[in-house]
Amino acid sequence: METFWFIALGFMLAMYVILDGFDLGAGIIHLFAAKSDDERRTVLNAIGPVWDGNEVWLLAAGGTLYFAFPKLYASSFSGFYLPLMIVLWLLMLRAIGIEFRHRIHHPMWKSFWDVTFAVASILLTIFFGAALGNVVRGVPLNAEGYFFEPLWTTFTVVPEAGILDWFTVLMGLVAFTTLTAHGANFIAMKTEGELQQRLRVIAAKAWWGVLATSILALLATSVIRPEIWDNYTGSPWGFIFPLIGLSSWIGGVYYRAKQNDTRAFLSSTAFIAGMAASTAFGLFPNVLPASTGSQYNLTIYNTAAPAYGLGVGLVWWSIGMAIALAYFGYLFYSFRGKLKLPAEGEGY
Amino acid sequence: MEDALIVHRLQFAFTVMFHYLFPQLTMGLGLLIVILKGLALRKKDERYNDSARFWAKIFAVNFAVGVVTGIPMEFQFGTNWAKFSAFAGGVIGQTLAMEGVFAFFLESSFLGLFLFGEKKLGPKGHFFAAFMVFLGSWISGFFIIATNAWMQNPVAYQVAADSTVALASFWGLLTNPWVGWQYLHNMLGSVITAAFVMSAVGAYYLLANRDVEHGKIFVQIGVIAGLAASILVAFPTGDGQGKNVAKYQPVTLAAMEGLFETKEGAELILIGQPDMDKLKIDNPIHIPRMLSFLTYNRWRAEVKGLDAFPRENWPTNIPLLYYSYHIMVGLGTIFIAIMAVAAFLLWKRKLYSTRWVLWILMLSFPFPYIANITGWMTAELGRQPWLVYGLMRTADGVSPTVSAGNGLFTLLGFMGMYTLLGLLFLFLVMREVFHGPAFSVTSDQYSVSN
Numbered sequence: 001m002e003t004f005w006f007i008a009l010g011f012m013l014a015m016y017v018i019l020d021g022f023d024l025g026a027g028i029i030h031l032f033a034a035k036s037d038d039e040r041r042t043v044l045n046a047i048g049p050v051w052d053g054n055e056v057w058l059l060a061a062g063g064t065l066y067f068a069f070p071k072l073y074a075s076s077f078s079g080f081y082l083p084l085m086i087v088l089w090l091l092m093l094r095a096i097g098i099e100f101r102h103r104i105h106h107p108m109w110k111s112f113w114d115v116t117f118a119v120a121s122i123l124l125t126i127f128f129g130a131a132l133g134n135v136v137r138g139v140p141l142n143a144e145g146y147f148f149e150p151l152w153t154t155f156t157v158v159p160e161a162g163i164l165d166w167f168t169v170l171m172g173l174v175a176f177t178t179l180t181a182h183g184a185n186f187i188a189m190k191t192e193g194e195l196q197q198r199l200r201v202i203a204a205k206a207w208w209g210v211l212a213t214s215i216l217a218l219l220a221t222s223v224i225r226p227e228i229w230d231n232y233t234g235s236p237w238g239f240i241f242p243l244i245g246l247s248s249w250i251g252g253v254y255y256r257a258k259q260n261d262t263r264a265f266l267s268s269t270a271f272i273a274g275m276a277a278s279t280a281f282g283l284f285p286n287v288l289p290a291s292t293g294s295q296y297n298l299t300i301y302n303t304a305a306p307a308y309g310l311g312v313g314l315v316w317w318s319i320g321m322a323i324a325l326a327y328f329g330y331l332f333y334s335f336r337g338k339l340k341l342p343a344e345g346e347g348y
Numbered sequence: 349m350e351d352a353l354i355v356h357r358l359q360f361a362f363t364v365m366f367h368y369l370f371p372q373l374t375m376g377l378g379l380l381i382v383i384l385k386g387l388a389l390r391k392k393d394e395r396y397n398d399s400a401r402f403w404a405k406i407f408a409v410n411f412a413v414g415v416v417t418g419i420p421m422e423f424q425f426g427t428n429w430a431k432f433s434a435f436a437g438g439v440i441g442q443t444l445a446m447e448g449v450f451a452f453f454l455e456s457s458f459l460g461l462f463l464f465g466e467k468k469l470g471p472k473g474h475f476f477a478a479f480m481v482f483l484g485s486w487i488s489g490f491f492i493i494a495t496n497a498w499m500q501n502p503v504a505y506q507v508a509a510d511s512t513v514a515l516a517s518f519w520g521l522l523t524n525p526w527v528g529w530q531y532l533h534n535m536l537g538s539v540i541t542a543a544f545v546m547s548a549v550g551a552y553y554l555l556a557n558r559d560v561e562h563g564k565i566f567v568q569i570g571v572i573a574g575l576a577a578s579i580l581v582a583f584p585t586g587d588g589q590g591k592n593v594a595k596y597q598p599v600t601l602a603a604m605e606g607l608f609e610t611k612e613g614a615e616l617i618l619i620g621q622p623d624m625d626k627l628k629i630d631n632p633i634h635i636p637r638m639l640s641f642l643t644y645n646r647w648r649a650e651v652k653g654l655d656a657f658p659r660e661n662w663p664t665n666i667p668l669l670y671y672s673y674h675i676m677v678g679l680g681t682i683f684i685a686i687m688a689v690a691a692f693l694l695w696k697r698k699l700y701s702t703r704w705v706l707w708i709l710m711l712s713f714p715f716p717y718i719a720n721i722t723g724w725m726t727a728e729l730g731r732q733p734w735l736v737y738g739l740m741r742t743a744d745g746v747s748p749t750v751s752a753g754n755g756l757f758t759l760l761g762f763m764g765m766y767t768l769l770g771l772l773f774l775f776l777v778m779r780e781v782f783h784g785p786a787f788s789v790t791s792d793q794y795s796v797s798n
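Listed in order, the protein sequences are those of chains A and B. The first sequence: position 249 = 249 (the numbering used here), numbered continuously. Count along the second sequence from 1, add 348, and you get the number used in the numbering used here.
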């Protein structure tokens, strides 16, 4: 039962990274790739109908974490207090950047929200990567299962390290390159002409950045937390997940060279899914390892809610997910194909 | 951790009250937009579609601010109230997660379709999208009320070995006797807000002699929905909610009503100031025996006063609770009066030319916001000193590792961020209102503003 919820939570988080990932990627490339007002409107309209729904995956994952693993939720949310609050403010700024930009047609108004949207997207991406880095590295949990991390200390990996050290910043860069490529692939798929050409170039370059940062992160993880390999040596079938990641990366290079935008986008999607599954497989059954000693590790077993609640949840969660996936299928189907830029001010 | 407790409470109160300014309009306006879209379908009158588009723009700005201010609420359960989350997450995590899975996906997917897809969907499809957005917001409201109801009146739980609570009956959680009246009472409160906002904008157009055709539609729909909701919010829902408080939280009822001593045939206090030193109400204006009748349907029934309960179980801020409750009830009574007069004139076909009533309609839209916020404060202050009524004290639910300084830092951050958001929101909505619905004339390009 706990294992099911571990997978369910991993699924929802992976959906979030894949879906909101291209929105965040769109934000990263917004200032650099889209030069004119028309191009910037194109980028925003490409994610306009879907970004809000994409972000809901984060909220739904948060709710699911709360109900399935209440002690993990309590410990991690209070321990990561400052970075989560900063994430909240960035999410707000980014959302109102998208929502408010098109309401007034004045160059200064638009520039202000363009910069807000782009900067918030970049910082959020790096923070999300660093958050994953913290989970992989471990946090200073005490005997009651709580901790508190400052934002940074000396940037070295020590038991009392802050949120940001060299390892978590490296993970932030992995997220940055991955979502840049992912977002550029998505927007290239939705557009035509000069903007599309520029995005294809960005995606191709970022895709090599993904390889470089991922290899560095892999080596660093093996040094900092060699236990991550235990599950793989114990059950070698797990190597299928990194293999999915690697073959998706090769597919990404191939389809990028062929200028096949849809398949390039599907490759970055599969890459994210593969890498997320690889990380989850390495961590299992830990969900928040302790840097203070493995006896304090939070695992799916010592943080899960009792069986009755989890069992009831299984029923409604499955129904809810089936419906949600149907909405998303319908939504993406309705807005499929190349984007035709609406007249100034249209939309709503 | 005493300082930290105060900071965490202030932060939650501030963020939740600011947040609640937005969903109350979303939930009510969602319904009114469905009515406008329905009238457009039935009457084949393009003015109703223009109206729906106009309100959709305001809805969109409001929804966006509602979403971004709502995300912190879900986070803060864990960040600021970690002990509470670890204790109760196995129960109320259910309803909070269900809100995400059943309401947020519905709302957000169909909002994208509603705002961006009018031409793609056609009139019936667009009506359907509007309906689904409305449905999503009302489902969302249900799960939040169900969560709050469990904190007010915990049911369907059992205490587990590690002294946290575990869910014992899923059905029991959803059918908590506290849920029904509170949910309907809340939803009607949000319909009142939307109705007053809509009739205020309509009254402004009529008074300013511009967009008169749309102004009439806004006033008409606003007044009819406003009258119906104002009556229903008082009776039966407000009355039913009051009886629930009397039954499950009698000490809260005594504090709300300012009843310090247990009495047979207790009076209903309309106005007066609680004096916490002398434990009495100063300058009371009251109706004899009315409280006994309202609570138990008998004029001579005994109502327990605060003196019947140990002092450590009294709500922590009785004057604020008392005033919140009385402001809510007083405003609710005024809403019925305003809307009854307006509806009478509407029926007599005189409303659109009776300027003094239009002035009142235009100026009174802030008051439902105040009534809804004070209603929420009544519920939350009334629950104190408990975080989960009878099970966990507020002081025991706070995060053990987050210091007062860190809490203050984020409280100030939220205040700054929300000031920015509030100003931008007002600016953008005022701008839409001044542009007016006439700018939404054709369906091909309905937003040629600027």
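Glycine residues also receive a C-beta, built at the ideal position from the N, C-alpha and C atoms. As the structure is a prediction and not an experimental result, all values here were calculated from the model.
*Got a sec: is the Cβ-Cβ distance from B:Gly784 to anything in chain A below 9 Å?*
Chain A places no beta carbon closer than 9 Å to that of B:Gly784, leaving this residue out of the contacts.
*Are any of the Cβ atoms in chain B nearer than 9 Å to that of A:Pro107?*
It does not: the Cβ of A:Pro107 has no partner Cβ on chain B nearer than 9 Å.
*Against chain A: residues of the region 480 to 504 of chain B by CB proximity under 7 Å*: So nothing in the stretch comes that close.
*Could you check what DSSP says for B:Val513 in three-state terms: helix, strand or coil?*
Collapsing the DSSP output to three states places B:Val513 in a strand.
*From A:Gly129, A:Trp5, A:Thr153, A:Glu227, residue whose alpha carbon lies closest to that of A:Thr177*: From the listed residues A:Gly129, A:Trp5, A:Thr153, A:Glu227, the smallest Cα separation to A:Thr177 is found for A:Gly129.
*Flag A:Leu331 as yes if its beta-carbon sits less than 9 Å from any beta-carbon of chain B, otherwise no.*
A:Leu331 belongs to the set of residues whose beta carbon lies under 9 Å from a beta carbon in chain B.
*asked:* With a threshold of 8 Å, are at least 3 pairs of Cβ atoms found where one atom belongs to the region 563 to 575 of chain B and the other to the region 533 to 545 of chain B?
replied: For the pair of segments examined, the region 563 to 575 of chain B was found to touch the region 533 to 545 of chain B: the number of CB pairs separated by less than 8 Å reaches three.
_At the level of alpha carbons, what is the spacing between B:Ser594 and B:Leu601?_
Looking at the sequence provided, one finds Ala at residue 594 of chain B rather than Ser. Their backbone Cα atoms lie some 6 Å apart in a straight line.
_Is B:Phe370 close to the ligand ATP? I mean its beta-carbon at under 8 Å from any heavy atom of the ligand._
Summarising the ligand content, the structure contains no ligands, and the ligand ATP is consequently not present.
*alpha helix (DSSP H) segments (min. 4 residues) lying fully within the region 631 to 659 of chain B*: The qualifying runs are 638 to 644.
*Taking the alpha-carbon positions, what's the B:Asn428 to A:Leu84 distance?*
So the two alpha carbons sit approximately 11 Å from each other.
_Residue-chain proximity (A:Arg101, chain B), Cβ-Cβ < 9 Å_ = Closer than 9 Å: no.
*asked:* Within 9 Å of any Cβ in chain A, is that where the Cβ of B:Met740 sits?
replied: So no, B:Met740 is outside the interface.
*asked:* Any beta carbon of chain B sitting closer than 9 Å to that of A:Phe335?
replied: At a cut-off of 9 Å between C-beta atoms, A:Phe335 counts as an interface residue with respect to chain B.
*Rounded C-alpha distance that separates B:Val777 from B:Val409*: Cα to Cα, B:Val777 sits roughly 8 Å from B:Val409.
*Residues in its own chain within less than 8 Å of B:His634 by CB, not counting five upstream and five downstream?*
Closer than 8 Å at Cβ, skipping near neighbours: Glu615, Leu616, Ile617, Leu618, Gly620.
*Proximal chain A residues relative to B:Lys431, where beta-carbon distance stays under 8 Å*: Here the neighbours are Ala74.
*Using 9 Å as the limit for Cβ to Cβ distance, is A:Lys71 near chain B?*
Nearest CB-CB separation between A:Lys71 and chain B: below the 9 Å threshold.
_Just to confirm before moving on: does the CB-CB distance between A:Gly133 and A:Thr180 stay below 9 Å?_
No, Cβ-Cβ distance for A:Gly133 and A:Thr180 is not below 9 Å.
*Looking at C-alpha atoms only, which residue of A:Trp249, A:Pro70, A:Arg137, A:Trp5 is the closest neighbour of A:Leu219?*
Closest option to A:Leu219, Cα to Cα, is A:Arg137.
*Under a CB-based cut-off of 9 Å, is B:Ser751 close to chain A?*
It does; some Cβ of chain A falls within 9 Å.
*B:Ile440 and B:Met499: beta carbons closer than 9 Å?*
Result yes, Cβ atoms of B:Ile440 and B:Met499 sit closer than 9 Å.
*Contact belief for A:Leu288 with A:Ser75 at Cβ below 8 Å, rounded distance in angstroms*: Going by Cβ atoms, the distance from A:Leu288 to A:Ser75 rounds to 7 Å, so yes, they are a contact pair.
*Under a CB-based cut-off of 9 Å, is B:Phe757 close to chain A?*
It does; some Cβ of chain A falls within 9 Å.
*Would you say B:Pro420 reaches chain A, if we count a Cβ-Cβ gap shorter than 9 Å as a contact?*
Judged by the 9 Å Cβ criterion, B:Pro420 is in contact with chain A.
*Is there at least one Cβ from chain B nearer than 9 Å to A:Thr299's Cβ?*
By this cut-off, A:Thr299 is not an interface position.
*Residue closest to A:Ala184, alpha-carbon to alpha-carbon, out of A:Phe281, A:Lys205, A:Gly97, A:Asp165*: Among A:Phe281, A:Lys205, A:Gly97, A:Asp165, the Cα nearest to that of A:Ala184 is on A:Lys205.
_Under 8 Å: do the region 330 to 337 of chain A and the region 455 to 472 of chain B share three or more Cβ pairs, one atom per stretch?_
By the criterion of at least three beta-carbon pairs nearer than 8 Å, the region 330 to 337 of chain A is in contact with the region 455 to 472 of chain B.
*Under the rule that 16 or more other beta-carbon atoms within 10 Å means buried, what is A:Gln259, buried or exposed?*
So A:Gln259 counts as exposed.
*May I ask you to list, following chain order, the residues of the region 286 to 319 of chain A that have a beta carbon less than 8 Å from some beta carbon of chain B?*
Cβ contacts with chain B: Ala305, Pro306, Tyr308, Gly309, Val312, Gly313, Trp316, Trp317.
*Would DSSP call A:Trp152 helix, strand or coil?*
Strand at A:Trp152.
*A:Asn286 lies in the beta strand (DSSP E); which residues open and close that run?*
Boundaries of the beta strand (DSSP E) around A:Asn286: 286 to 288.
*Chain-order list of residues whose beta-carbon lies under 8 Å from that of B:Val416 (same chain, five-residue window excluded)*: These residues qualify, in order along the chain: Leu769.
_Would the region 717 to 727 of chain B count as touching the region 670 to 679 of chain B if we require 3 or more Cβ pairs under 8 Å?_
A contact exists between the region 717 to 727 of chain B and the region 670 to 679 of chain B.
*Listed by chain order, chain B residues near A:Ser78 by CB distance under 8 Å*: For A:Ser78, the chain B residues whose Cβ falls inside 8 Å of its Cβ are Gly426, Thr427, Asn428, Ala430, Ser747, Pro748, Thr749, Val750, in order along the chain.
*Under 9 Å between C-beta atoms, does B:Met446 make it to chain A?*
Yes - at least one Cβ of chain A is within 9 Å of the one on B:Met446.
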